[in-house]
Amino acid sequence: MFDKMMLCDEGLENIVENGETTGFSLLARLPYYRGLGLSMIEDIGLGVDGEPVAREDVRFSVRGRSWTLDELETVYDDRWNFGEKATVIVKRPGGLTPGAHKIDIAVRMRVSYLPFVPTTKTSRELQLAA
Amino acid sequence: MTIDIKRGVSLYSFQHETFQGKMSLEDCFKTCADMGALGIEIIGEQTFWGWPEATVDETKIDEWHALIKKYDATAVSHDFMLDYKRYKGTMMAFDEQVASVKKDIDFGARLGMKYIRALVSIAPEVLVAAAPYAEEKDIKILIEVHAPLHFDHPWIIRHAEAFEKSGSDALGFLPDMGMFLFKFPPVWKERFIRNGVPQKIADYIETAYEDRVLSEYVILNVREMGGEGPSLGMAETLRHNAAYEPKRMLDFMHRIHNVHGKFYQMDENLVEPSIPYDEIVKVLKQGGYKGYICSEYEGNRWIEDAYEVDSVEQVRRQQEMLKGLIGEPTPTAIAA
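Chains A and B, in that order, give the protein sequences.
Note that UniProt numbering has the first sequence beginning at 1, numbered continuously upward.
Note that UniProt numbering has the second sequence beginning at 1, numbered continuously upward.
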């Protein structure tokens with residue numbers, strides 16, 4: 001549900017810290033009809049131009065706070081809200097080149113009432129402004 | 001003429017629009033009021049960011065009450081989830097589950113709700129333990145009877161027995177009309193075909209559903225027809241859906257206080273092709289039901305891959321249908 005809306009068209013950009021490009025970020029929404037407490041976000045898998053990103057290189061950020069995916073597993077006091085655009089950060093020295101990049105995203109979430117752990121995926125070409 | 005059955009809308013129906021920020025909370029209220037559907041049901045955490053792990057902005061609660069007043073609406077139900085798998089690898093302890101339900105009772109009360117909806121996976125003991133607190137707050141906890149469960153399922157019977165034994169009238173049921181799936185929904189079939197199910201297999205599954213063939217036989221037959229992936233997925237929907245009898249609600253009517261008017265599509269003739277609403281409303285009237293039927297549009301997820309979703313028009317059609325079935329007088333130019 002909302003699969004195609006997981007990736008936002010806008011918001012793909014490089015992250016520059018102290019004059020150095022350390023990675024890039026994009027905006028993503030939880031593909032679900034409700035929000036979820038962060039401890040129930042089991043994984044956010046990313047791929048860039050067909051190349052998988054390592055789990056430890058991903059950071060998740062909402063409303064000014066950010067966590068590694070391992071840290072998320074024990075965050076019990078905050079949420080990824082319904083329809084909320086979270087910033088997903090990828091550590092990658094040099095960032096991405098301007099132009100089109102194919103982004104794959106997969107979110108695995110633990111939903112109490114489901115007898116399985118669903119993963120929702122989508123893929124789209126996003127533009128990084130020059 | 002007194003109309004006992006009242007019309008409402010679960011704002012879940014507009015999730016496609018609210019997810020994208022295309023409809024605000026006030027847009028939802030105005031849309032419902034325009035349809036004369038004055039009962040409002042929500043999934044609390046969908047409407048109120050932060051709930052339940054973090055605090056909800058007080059101004060949002062104020063806005064809710066202002067909208068209820070402005071549109072002369074009634075707060076019907078806060079549907080809560082109870083995430084008992086919040087801790088990875090460990091089920092939430094019983095006492096914490098009860099405390100969590102009490103928190104949702106408080107939240108429902110803050111919103112002026114009469115009911116809070118419990119998901120069917122929640123254990124009866126948890127609800128029974130929370131019932132005295134619900135009584136104090138003048139809230140009823142209604143467990144949602146939702147496909148693949150139904151009123152004759154042992155798990156629901158267990159709930160019913162526990163509710164009767166508790167002696168509390170704060171415990172009840174909220175039937176979801178999706179359990180009365182008399183035909184295979186056309187929007188499901190079309191989506192499965194788009195996902196790659198061969199026409200021949202899709203036709204077979206649809207017919208087998210109408211013939212009430214046991215799901216396990218259908219799955220086996222689809223395998224033998226060479227079906228895989230999406231074909232098996234389509235066949236497996238038969239495991240989770242069935243045409244239970246609306247009249248089975250009658251034995252439980254004293255504990256049924258709210259109804260989910262689940263629907264997958266409303267055609268231009270104001271008919272839901274897979275759920276027999278005429279029969280359903282007849283049974284509810286027979287049982288003396290006096291609560292709301294809250295529209296719950298769930299078609300968006302079946303068409304969003306190929307079509308523009310128009311939840312408002314779909315809900316409007318269902319409300320028109322309900323008006324007719326309930327027997328609301330149609331306003332005429334003379335009456336106006």
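No residue lacks a Cβ here, since even glycine has one placed at the ideal position from N, Cα and C.
Being a predicted model, the structure only gives us computed values, none of them experimental.
The C-beta of ALA129 (chain B) comes no closer than 8 Å to any C-beta of chain A. Between TYR307 (chain B) and the set B:ARG191, B:ASP278 and B:PRO276, the nearest pair of CA atoms involves B:ARG191. ALA129 (chain A) and PRO98 (chain A) have their C-alpha atoms spaced approximately 6 Å apart. For ASN221 (chain B), the three-state secondary structure derived from DSSP is helix. At a cut-off of 8 Å between beta-carbon atoms, ARG65 (chain A) makes no contact with chain B. By the C-beta criterion, the region 309–322 of chain B is judged to be in contact with the region 268–282 of chain B, since at least 3 inter-stretch pairs fall below 8 Å. Secondary structure note for LEU111 (chain B): it is in no beta strand (DSSP E), with a DSSP letter that is neither H nor E.
For GLU53 (chain B), the three-state secondary structure derived from DSSP is coil. Assigned with DSSP and collapsed to three states, TYR204 (chain B) falls in helix. The residues TRP51, in chain order, have a CB closer than 6 Å to that of GLU45 (chain B) in the same chain once the five nearest residues on each side in sequence are set aside. Per DSSP, MET234 (chain B) lies in no beta strand (DSSP E) segment; the continuous alpha helix (DSSP H) that holds it begins and ends at 230–236. In this structure, the CA atom of GLY233 (chain B) is about 13 Å from the CA atom of PRO198 (chain B).
At a cut-off of 3 residues, the continuous stretches assigned as beta strand (DSSP E) that sit fully inside the UniProt domain "C-glycoside deglycosidase beta subunit" (2–113) of chain A are 13–17, 20–28, 41–48, 58–62, 65–68, 86–91 and 99–109. For SER121 (chain B), no alpha helix (DSSP H) segment is defined, and its DSSP state is neither H nor E.
Between MET109 (chain A) and ALA243 (chain B), the alpha-carbon positions lie close to 31 Å from each other. Put simply, the CB of ILE40 (chain B) is far from chain A, with every gap to its CB atoms at 8 Å or more. ASP203 (chain B) is classed as exposed because its beta carbon has fewer than 16 other beta carbons within 10 Å across all chains shown. Counting along the chain, ASN300 (chain B) sits inside the alpha helix (DSSP H) bounded by residues 300–303.
Taking 8 Å as the cut-off, the Cβ atoms of THR74 (chain A) and GLU56 (chain A) do not count as close.
Contact annotation: GLY95 (chain A) and GLY23 (chain A) have beta-carbon atoms nearer than 8 Å.
Shown here for GLU26 (chain B): same chain residues with a beta carbon closer than 7 Å to its own, the five before and five after excluded, namely LEU67 in chain order.
Identification of chain B residues near ASN81 (chain A) by a Cβ-Cβ cut-off of 8 Å yields GLU45, TRP49 and GLY50, ordered along the chain. Cα atoms of ASP34 (chain B) and ALA73 (chain B): separation of roughly 11 Å, rounded to the nearest angstrom.
Under the DSSP assignment, ILE143 (chain B) falls in the beta strand (DSSP E) whose first and last residues are 140–145. In this structure, the alpha-carbon of ALA54 (chain A) lies about 20 Å from that of GLU125 (chain A). Taking all protein chains in view, the Cβ of GLU17 (chain B) is crowded by 16 or more other Cβ atoms within 10 Å, so the residue is classified as buried. Under the DSSP definition of a beta bridge, HIS260 (chain B) partners with B:ASP176 and B:CYS294.
For SER121 (chain B), the chain A residues whose Cβ falls inside 8 Å of its Cβ are SER112 and TYR113, in order along the chain.
Neighbours of GLU73 (chain A) in chain B, taken as residues at a C-beta separation under 7 Å, are given in chain order as LYS88. Around the CB of ILE157 (chain B), fewer than 16 other CB atoms lie within 10 Å, so the residue is classed as exposed. Three or more beta-carbon pairs separated by less than 8 Å are not found between the region 54–71 of chain B and the region 113–121 of chain B, which leaves the two stretches without contact.
Using a Cβ-Cβ cut-off of 7 Å, MET1 (chain A) is close to ARG301 of chain B, given in chain order. Per DSSP, reduced to three states, the secondary structure at ASP27 (chain B) is helical. Annotation: the continuous alpha helix (DSSP H) that includes HIS159 (chain B) extends over 154–166.
Residues of chain A with a Cβ closer than 8 Å to the Cβ of GLN20 (chain B) are, in chain order, MET5 and GLY83. At least one CB of chain B lies nearer than 8 Å to the CB of ARG34 (chain A).
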